[in-house]
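*Asks:* Structure incoming, see below.
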Amino acid sequence: IALAGCLKDKAFDNGEIQSGSGHTSTIQVVSIGLTVSNTSNFLVASFDNSNNDTTINLVPIELGGTSAASQDIHVTLVANNTLIDDYNLANTDTTVTPTNPDPTGVVTHYIPAPSTVYTVTSLIVIIPKGSRTGYLQIKFKPSDFLGKGYAVAYTISSVAEAGYTISGNLQNGIVAIGIKNEFDADYTVTGWFFHPAAGRAISLTKHLSTASAIGLTGGLGDLGSPFTFNVVNNQLVWVNGPYTGVGSNGFMTIDNPGGVDYSSATNAGHVPGDAIYNSTIYNNTYDPATQTFYMHYGYNAGVLNGGQGSFTRQVYEKWVRQ
184 IALAGCLKDK AFDNGEIQSG SGHTSTIQVV SIGLTVSNTS NFLVASFDNS
234 NNDTTINLVP IELGGTSAAS QDIHVTLVAN NTLIDDYNLA NTDTTVTPTN
284 PDPTGVVTHY IPAPSTVYTV TSLIVIIPKG SRTGYLQIKF KPSDFLGKGY
334 AVAYTISSVA EAGYTISGNL QNGIVAIGIK NEFDADYTVT GWFFHPAAGR
384 AISLTKHLST ASAIGLTGGL GDLGSPFTFN VVNNQLVWVN GPYTGVGSNG
434 FMTIDNPGGV DYSSATNAGH VPGDAIYNST IYNNTYDPAT QTFYMHYGYN
484 AGVLNGGQGS FTRQVYEKWV RQ
């Protein structure tokens, strides 16, 4: 006999979270809508570098439910830098500080943006009648943010009109404001994914997003999981990836396709050890003349073929800027 149940959740019962806000038509939930696929409400927003003052819609304030606003809704936000401190504590190495930066140059510790480098149009955001979204706007000079790791954070404090509920799980939001470095772009990516049971060709369009003045974040293989690296004198330096633990993921400097590539028999020329895919060609470098990255990285430590990390999954990729 299998029994299942759920914990009582006051916020859910009160309709304060978006997943439960539709269980009664009398509750309309107002939230910060920075992320779609999760409730972290942490967003890295990248912008083109410029020395000009720029005004942007940065933080969306959303009305949940199935209907648009029947009136103008005035939502008041307050700056809340404690959210940035909490994020750093939970997600980064807290030994990295403004006075002790990461020597690789990657931003792993977000800093509340000084009030001297941006202005907020108004902390009262209006969701217009007939709409479901309003925006907190900021004015800033993008060049002041390049490589700084600045972030802003806000909390919904009140809604002026009656009949609206502030979200219980999406009332806070953080935006890390990144300025696009020279490598931030779409790329045509081709290569091979060595896998013990599902080796396969890679042919995709992927995007490299700015992580810092020299850092980039891209999608791993055809899985999409993010990994981050730095470009130092046209050499690629692994920073972090989706798989935790010592030696569990990283760039490779030797060839060690783990396991047996069962699909290789139907893909002539793409077999483990083939000269087409080796670390001489895919040597984790950037060619500025052709704007091309050559990558070889792996994940999932094992004891199959020995060598560097004994990674059982390995990816060889050529990224050509579009």
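With the working numbering applied, the sequence shown covers 184 to 505.
Cβ atoms here follow ideal geometry from the backbone N, Cα and C, with glycine treated the same way.
(1) Quick one: does E500 have its CB under 7 Å from some CB of chain B?
(2) Measuring CA to CA, which of D470, I244, I459 is closest to I339?
(3) What beta strand (DSSP E) runs, 3 residues minimum, are completely inside the stretch 392 to 429?
(4) Nearest-angstrom Cα distance between T495 and A381?
(5) Any idea if P286 is buried or exposed, counting beta-carbon neighbours within 10 angstroms, 16 or more meaning buried?
(6) Terminal residues of the continuous beta strand (DSSP E) containing P243?
(7) Could you tell me the alpha carbon to alpha carbon distance between N232 and A359, rounded to whole angstroms?
(8) For the beta strand (DSSP E) containing F230, name the first residue and the last one.
(9) Write down every uninterrupted run of the beta strand (DSSP E) in the stretch 277 to 361 whose length is 3 residues or greater and which is fully enclosed by it, in chain order.
(10) Under 6 Å Cβ to Cβ from N417, same chain only, skipping five residues before and after it: list those, please.
(11) May I ask you to report which of helix, strand or coil DSSP gives Y506?
(12) So, is T277 buried or exposed, given that buried needs 16 or more other C-beta atoms within 10 angstroms?
(13) In whole angstroms, what is the alpha-carbon distance linking Q497 and V258?
(14) If K389 and G398 are in contact, beta carbons under 8 Å, what's the gap, nearest whole angstrom?
(15) Going by beta carbon distance, what residues of the same chain come within less than 8 Å of Q505, once the five residues before and after it are set aside?
*Replies:* Taking the coordinates as given:
(1) No chain B appears in this structure, which consists of one protein chain only.
(2) In this structure, I244 is the residue among D470, I244, I459 with its C-alpha nearest to the C-alpha of I339.
(3) When DSSP assignments are scanned along the stretch 392 to 429, the uninterrupted stretches of beta strand (DSSP E) that are 3 or more residues long and fall wholly within it turn out to be 398 to 402, 409 to 415, 418 to 423.
(4) For T495 and A381, the distance between alpha carbons rounds to 12 Å.
(5) With a pLDDT of only 38 at P286, under 50, the local geometry of the prediction cannot be trusted, and the value read off the model is given with reservation. Flag for P286 reads exposed.
(6) Looking at the DSSP string, the run of the beta strand (DSSP E) that includes P243 is 237 to 246.
(7) Distance from the CA of N232 to the CA of A359, rounded to the nearest whole angstrom, comes to 15 Å.
(8) Here the beta strand (DSSP E) through F230 covers 225 to 230.
(9) Listed in chain order, the complete beta strand (DSSP E) runs (minimum 3 residues) inside the stretch 277 to 361 are 301 to 303, 307 to 310, 316 to 323, 333 to 342, 347 to 349.
(10) Within the same chain, N417 has close Cβ partners T468, Y469.
(11) Because the chain in this structure spans residues 184 to 505, residue 506 falls outside the shown range and cannot be described.
(12) At T277 the pLDDT is 44, less than 50, meaning the model places this residue with poor confidence; the figure from the coordinates comes in the next sentence. T277 comes out exposed.
(13) Near 49 Å, if we compare the C-alpha coordinates of V258 and Q497.
(14) The beta carbons of K389 and G398 sit about 16 Å from each other, so the pair does not count as a contact at 8 Å.
(15) Excluding residues within five positions, the ones whose Cβ falls inside 8 Å are A368, D369, Y370, T371, T388.
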